[in-house]
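Protein chains in written order, with the numbering used here: chain Z, 1 to 226; chain E, 227 to 452.
Here a beta-carbon is modelled for each residue, glycine too, at the ideal position from N, C-alpha and C.
Since this is a predicted model, take the numbers as computed values, not measurements.
2 protein chains.
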Amino acid sequence: SVEAEDLVKVYGAGDTAVYALDGVTAAFGSGQFTAIMGPSGSGKSTLMHCLAGLDTPTSGEVRIGDTGLSGLSDRALTLLRRRRVGFVFQSFNLLPTLTAGQNIRLPLDLAGRKPDPRWENEVVTRLNLTDRLDHRPAELSGGQQQRVACARALMTRPDVIFADEPTGNLDSASGAEVLSFLRSSVRELRQTVIMVTHDPVAAGYADRVLFLADGRVHGELHDPTP
Amino acid sequence: SVEAEDLVKVYGAGDTAVYALDGVTAAFGSGQFTAIMGPSGSGKSTLMHCLAGLDTPTSGEVRIGDTGLSGLSDRALTLLRRRRVGFVFQSFNLLPTLTAGQNIRLPLDLAGRKPDPRWENEVVTRLNLTDRLDHRPAELSGGQQQRVACARALMTRPDVIFADEPTGNLDSASGAEVLSFLRSSVRELRQTVIMVTHDPVAAGYADRVLFLADGRVHGELHDPTP
Ligand SMILES: Nc1ncnc2c1ncn2[C@@H]1O[C@H](COP(=O)(O)OP(=O)(O)OP(=O)(O)O)[C@@H](O)[C@H]1O
Ligand SMILES: Nc1ncnc2c1ncn2[C@@H]1O[C@H](COP(=O)(O)OP(=O)(O)OP(=O)(O)O)[C@@H](O)[C@H]1O
Ligand SMILES: [Mg+2]
Ligand SMILES: [Mg+2]
């Protein structure tokens, strides 16, 4: 599970200060799939990065499980993320010199863990990446890169998966595959999934939707499918 | 206008060869807004890059206006693109060391042309970028970066605008702004607009939709809104 308490993130200072987050409090439980929606620039990616320990808030607290992040050293934070967090970045962040297959296995390699061949096969097959594994990101389409980024986050079966607009570059069939994968991660593996999306169809896969605007939570919707 | 005749683009060779384009013929007239849809990996970005002269097809012909691209030197191709083409890239391709404002003006600067202050103000205001102009791409949200990429393509009022999934990272309000801008470029400025999208709502802004699959045109739909 993940918790945020009174998160504030300010860039700059004085009258050019940007309050990317302006007091966000929220809790995300195990086995819960939360979608986060809101206008461009409303703070969604900033919130995700703070929740995953990739960015430090100006003030406020984040907890992953019972571990508060603010007290941790960089090393401890890195180890915590490696063990417990998967992140699908809005801009993919694949390593250009590694193949798709190497990018997908990277978190396991860094954690010194062996891949589970059946799980790896499941992830690669359902995301339709089997014949692209030996290609580097520059040789992949935008949607293929996005699916590689998703596969990389799914491979370690982490406690928490953060997905920042994971279907923005995908056609509806590929998008549905990613979304059903995320939902079964929640239902079957009891993971916590937090997904930013602009797409109401994608939000419909979640158990609830949080609405962000101007760095604050503006509302919540439970069981979003009619 | 833009024309493609029997375009083929092959990557690799032998039995690992990938036919990104497998014989595409299409024409895009002035004052026409065409959407291109199709599954991830079907060749949409490859087609756009070949049509814009950013990539050389394995075989086949591309014409922009009455100028065939295959005979041109690199220098002539660069000048043609600079004068006549705007391109919104699927991965934005903003220069990280320039501010948003500098990125937006870059094509004009390279062409040695002065910005039209009223047009620049119109583009920046309607895309809601006014207070982000002094920030570099790393300080912008994903959607803000995408809007900067759109603004950069619109600034020179080129004959042809290629937009590769220009609303994938935008909420519906920002997306609608970009799409209505593209449509008025067609209606009022008689530009040719070719837009790749996965979003049926975005495709609804176009005059017609071309469907791509496995590197080939699989169908066409005119006046896609019901
Ligand atoms: N340099 C390359 N080497 C090998 N294959 C490539 C290369 N560049 C692209 N491809 C392949 O060509 C095919 C078409 O790619 P393209 O980027 O045109 O797809 P797309 O329709 O734009 O997909 P998306 O909707 O995911 O952006 C894909 O299967 C891709 O992996
Ligand atoms: N390093 C920075 N310096 C200044 N402002 C920043 C910086 N990083 C982000 N911002 C600003 O913080 C605000 C929130 O950004 P964020 O990336 O969280 O938005 P978002 O909700 O993810 O938007 P999108 O839907 O466009 O991806 C934006 O206005 C952005 O420009
Ligand atoms: Mg974002
Ligand atoms: Mg593409």
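- In the DSSP assignment, Z/Thr34 falls within the unbroken beta strand (DSSP E) covering Phe33 to Met37.
- The beta carbon of E/Gly441 is closer than 6 Å to those of Tyr245, Ala246, Leu247, Asp248 and Gly269 in its chain, skipping five residues each way along the sequence.
- Scanning chain E for C-beta atoms nearer than 8 Å to the C-beta of Z/Asn103 yields nothing, as the closest lies near 16 Å away.
- With respect to chain Z, the C-beta atom of E/Glu365 has a partner C-beta closer than 8 Å.
- Under the criterion of beta carbons closer than 8 Å, E/Val314 and E/Pro392 qualify as touching, at roughly 5 Å.
- The C-alpha of E/Gly297 lies about 11 Å from the C-alpha of E/Thr282.
- Proximity of chain E to Z/Tyr11 at the Cβ level (cut-off 8 Å) is accounted for by Glu365, in chain order.
- With its beta carbon less than 8 Å from one in chain E, Z/Asp171 belongs to the interface.
- If you check the CB distance, Z/Val217 and Z/Val10 do not come in under 8 Å.
- Around ligand 2, the residues whose beta-carbon falls short of 5 Å from at least one of its heavy atoms are Z/Tyr11, Z/Val18, Z/Ala20, Z/Ser40, Z/Gly41, Z/Ser42, Z/Gly43, Z/Lys44, Z/Ser45, Z/Thr46, E/Glu365, E/Leu366, E/Ser367, E/Gly368 and E/Gly369, given in chain order.
- According to the DSSP assignment, Z/Gly86 belongs to the beta strand (DSSP E) that extends over Val85 to Val88.
- Residue environment for E/Thr323: exposed (fewer than 16 other C-beta atoms within 10 angstroms of its C-beta).
- Of the other Cβ atoms in all chains shown, fewer than 16 fall within 10 Å of the Cβ of Z/Ala27; this residue is therefore exposed.
- Exclusion of the five residues before and after Z/Gly175 leaves Thr167 as the residues of its chain whose Cβ lies within less than 6 Å of its Cβ.
- Within chain Z, the residues Ser141, Gly143 and Gln144 have their CB atoms less than 7 Å from the CB of E/Gly267, given in chain order.
- Exposed is the label assigned to Z/Ala111, since fewer than 16 other Cβ atoms lie within 10 Å of its Cβ.
- The Cβ of E/Ser296 sits no closer than 8 Å to any Cβ of chain Z.
- Judged by the Cβ position, E/Gly264 qualifies as a neighbour of ligand 1 at the 7 Å threshold, a heavy atom of the ligand being closer than this.
- Around the C-beta of Z/Asn93, fewer than 16 other C-beta atoms lie within 10 Å, and the residue is accordingly described as exposed.
- Taking non-hydrogen atoms of ligand 4 into account, the C-beta of E/Gln316 is found less than 7 Å away from one of them.
- Put simply, the backbone Cα of E/Gly312 is about 7 Å away from that of E/Thr382.
- Judged by beta-carbon spacing, E/Phe407 lies beyond the 8 Å limit of E/Leu366, meaning their Cβ atoms are not closer than that value.
- Given a length threshold of 3 residues, each whole run of the beta strand (DSSP E) inside the stretch 12–79 of chain Z is given here in chain order: 18–28, 33–37 and 59–64.
- Checking the DSSP bridge columns, you'll see E/Arg442 partnered with E/Ala439.
- Looking at the DSSP output, E/Ile420 bridges to E/Thr260 and E/Phe388.
- In the three-state reduction of the DSSP assignment, Z/Ala4 falls in the strand class, which pools E and B.
- One finds Pro265 and Ser266 in chain E with Cβ atoms closer than 8 Å to the Cβ of Z/Ser174, taken in chain order.
- For a Cβ distance threshold of 7 Å, nothing in chain E lies close to Z/Ser30: the least Cβ distance comes to about 28 Å.
- Not one heavy atom of ligand 3 falls within 7 Å of the beta-carbon of E/Asp397.
- Using a CB distance below 7 Å, the part of the stretch 401–433 of chain E facing chain Z consists of His424, ordered along the chain.
- By the 16-neighbour rule on beta-carbons within 10 angstroms, Z/Val148 is buried.
- The CB of E/Gly291 never comes closer than 7 Å to any CB in chain Z; the least such distance is about 28 Å.
- For Z/Gly168, the neighbours in chain E by C-beta distance under 7 Å run, in chain order, Gly394 and Asn395.
- Neighbours of E/Ser317 in chain Z, taken as residues at a C-beta separation under 7 Å, are given in chain order as Gly142.
- Taking 8 Å as the upper bound for CB-CB distance, E/Ala429 and E/Ala261 are in contact here, some 4 Å apart.
- Per DSSP, E/Arg358 is not a residue of any alpha helix (DSSP H), being assigned neither H nor E.
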